[in-house]
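A.B. asks: There's a structure below that I have some questions on.
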Ligand SMILES: C[S@@+](CC[C@H](N)C(=O)[O-])C[C@H]1O[C@@H](n2cnc3c(N)ncnc32)[C@H](O)[C@@H]1O
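Residue numbers (our numbering): 844 to 1149.
Structure representation (structure tokens):
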């Protein structure tokens, strides 16, 4: 990256990159050998939608990879929003570098009513890697639902295998901020980024798919397509309340293996009116067959899957 522009050097020094872009001058924001399954799954999710002529909002857009991808899928206008001004600086820098004019980025907080009131409605709201990163996922869902006709949600879900439709939530860290969860950043970088900011230790709630569906139904969404991936990504022991819930759902004490519970990434598409973005008969979430031309896969480094 010796030939990187002063702007790229400044942005990289301020905060490590989460996403990998190859810029027109040949510089690369972050070297990666492969796309992580999470990134590939999200690109595939976008590919399966009909975004032609649509307005798309990417809430928690980070450096903008998915916002750019939505634009490449034919969206008329894409707005990327993130609470972190460093990420918005980087996304704006990439937009200027690759020369897209129908994608713009701004700093915003989904939980800030005043900010939200200034947003006009969108056909699709994307909120990926998001619900488990906000202190109040319930109000975040209400907020997202008030902005979009359709929503694509991706989050680290609590998924009890035999009771996935139950409305459950857990907080695996007991309120401790999970430093290791910020991909692409060292602990020191995270600390630096959070300086002077209020860190709400209530983040990292894990909602079951049933909980999210129940909330979103009440907001008027009627059509749901769910895609579970990373099954068994993390396995942890079921304890306390969850164990009692399992016993009552099963009508007996759970066996040893049933007492392992899963957190897994889930992507859920919800539409107020079926067909808003999901083409009728369209196959949701096929494997991605192409990678955006600015996305670089380098010879070393690692996959990002935040
Ligand atoms: C785990 S990252 C996910 C980034 C990207 N959407 C993805 O799927 O890879 C979560 C992002 O949400 C942003 N974020 C957290 N709380 C937010 C809030 N209240 N409003 C807007 N963005 C927020 C963070 O700054 C971060 O960029």
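Just so it is clear, CB atoms sit at the ideal spot from N, CA and C, and this is done for glycine as well.
How big is the Cα-Cα spacing for residue 942 and residue 935?
C.D. replies: The residue given as residue 942 occupies position 99 in the chain shown. The residue given as residue 935 occupies position 92 in the chain shown. C-alpha separation (whole angstroms): 10 Å.
A.B. asks: Would you say residue 1111 touches ligand 1, meaning its beta carbon is less than 8 Å from a heavy atom?
C.D. replies: Within the chain shown, residue 1111 is the residue found at index 268, counting from 1. Answer for residue 1111: no, Cβ out of range of ligand 1.
A.B. asks: Under the DSSP definition of a beta bridge, which residues are partnered with residue 1153?
C.D. replies: There is simply no residue 1153 to check, as the chain begins at 844 and stops at 1149 in what is shown.
A.B. asks: Count the other C-beta atoms from every protein chain shown that fall within 10 angstroms of the C-beta of residue 1052, then say buried if there are 16 or more, exposed otherwise.
C.D. replies: Here residue 1052 corresponds to residue number 209 of the chain shown, with the count starting at 1. When all chains shown are included, residue 1052 counts as buried.
A.B. asks: Taking only the alpha-carbon atoms, compute the straight-line gap between residue 915 and residue 1097 and give it to the nearest angstrom.
C.D. replies: Position 72 of the chain shown, counted from the start, is the residue given in the question as residue 915. Position 254 of the chain shown, counted from the start, is the residue given in the question as residue 1097. Spanning the two alpha carbons is a distance of roughly 48 Å.
A.B. asks: On the three-state DSSP scale, how would you describe residue 991?
C.D. replies: As a position in the chain shown, residue 991 is number 148, starting the count at 1. If DSSP states are grouped into helix, strand and coil, residue 991 belongs with the strands.
A.B. asks: Out of 1115, 1122, 1061, 1000, state which residue places its alpha-carbon closest to the alpha-carbon of residue 1109.
C.D. replies: For the purposes of this step, residue 1109 is taken as the residue at position 266 of the chain shown. Closest option to residue 1109, Cα to Cα, is 1000.
A.B. asks: Using DSSP with H/G/I as helix, E/B as strand and the rest coil, what is residue 886?
C.D. replies: As a first step, residue 886 must be located in the chain shown, where it is residue number 43. Here residue 886 sits in helix by DSSP.
A.B. asks: How far does the beta strand (DSSP E) with residue 898 in it extend, from its first residue to its last?
C.D. replies: Here residue 898 is taken as the residue at index 55 of the chain shown, counted from 1. Residues 898-902.
A.B. asks: Leaving out five residues before and five after residue 950 in sequence, what residues of the same chain have Cβ atoms less than 8 Å from its Cβ?
C.D. replies: Here residue 950 is taken as the residue at index 107 of the chain shown, counted from 1. Same-chain partners within the cutoff: 924, 925, 926, 927, 928, 931.
A.B. asks: Spell out the partners DSSP gives residue 1050 in its beta bridges.
C.D. replies: Here residue 1050 is taken as the residue at index 207 of the chain shown, counted from 1. Residue 1050 is bridged to 1012.
A.B. asks: Locate the beta strand (DSSP E) running through residue 948, then write down its first and last residues.
C.D. replies: Translated into positions along the chain shown, residue 948 becomes position 105. That run of the beta strand (DSSP E) goes 946-950.
A.B. asks: Pick from 944, 939, 984, 972: whose alpha carbon is nearest that of residue 959?
C.D. replies: Within the chain shown, residue 959 is the residue found at index 116, counting from 1. For residue 959, the nearest C-alpha among the options comes from 984.
A.B. asks: Closer than 8 Å to a non-hydrogen atom of ligand 1 - does that hold for the CB of residue 901?
C.D. replies: Residue 901 sits at position 58 when you count from the first residue of the chain shown. It does: the Cβ of residue 901 is within 8 Å (strictly closer) of some heavy atom of ligand 1.
A.B. asks: Leaving aside the five residues before and after residue 847 along the sequence, list all residues of the same chain whose C-beta is less than 6 Å from its C-beta, in chain order.
C.D. replies: Your numbering for residue 847 matches position 4 in the chain shown. The residues are 870.
A.B. asks: Helix, strand or coil, according to DSSP, for residue 1055 in the structure here?
C.D. replies: Mapped onto the chain shown, residue 1055 falls at position 212. Helix at residue 1055.
A.B. asks: On the CB-based measure, 16 or more other CB atoms within 10 Å of its CB, does residue 856 come out buried or exposed?
C.D. replies: By one-based count along the chain shown, residue 856 stands at place 13. Exposed.
A.B. asks: Count the C-beta pairs between the segment 859-877 and the segment 892-899 that are closer than 8 Å, then say yes if the count reaches three, no if not.
C.D. replies: The segment 859-877, when compared against the segment 892-899, does not touch it at the 8 Å Cβ threshold.
A.B. asks: Taking the alpha carbon of residue 944 as the reference point, which residue from 982, 910, 969 has its own alpha carbon closest?
C.D. replies: The residue labelled residue 944 in the question sits at position 101 within the chain shown. Ranking the options by Cα distance to residue 944, first place goes to 910.
A.B. asks: Using CA coordinates, which residue listed in 980, 966, 965 is at the minimum distance from residue 972?
C.D. replies: As a position in the chain shown, residue 972 is number 129, starting the count at 1. Of 980, 966, 965, the residue nearest in Cα terms is 980.
A.B. asks: DSSP three-state call for residue 850: helix, strand or coil?
C.D. replies: Taking the first residue of the chain shown as position 1, residue 850 is located at position 7. Three-state DSSP puts residue 850 in a helix.
A.B. asks: When you compare the CB positions of residue 976 and residue 884, do they come within less than 9 Å of one another, or not?
C.D. replies: Looking up residue 976 in the chain shown gives position 133. Looking up residue 884 in the chain shown gives position 41. No, these two residues do not count as a Cβ contact at 9 Å.
A.B. asks: Assuming residue 862 and residue 906 make a contact with CB atoms under 8 Å, what is their CB distance in whole Å?
C.D. replies: Residue numbering aside, residue 862 sits at position 19 when the chain shown is read from its first letter. Residue numbering aside, residue 906 sits at position 63 when the chain shown is read from its first letter. About 4 Å; that satisfies the 8 Å criterion.
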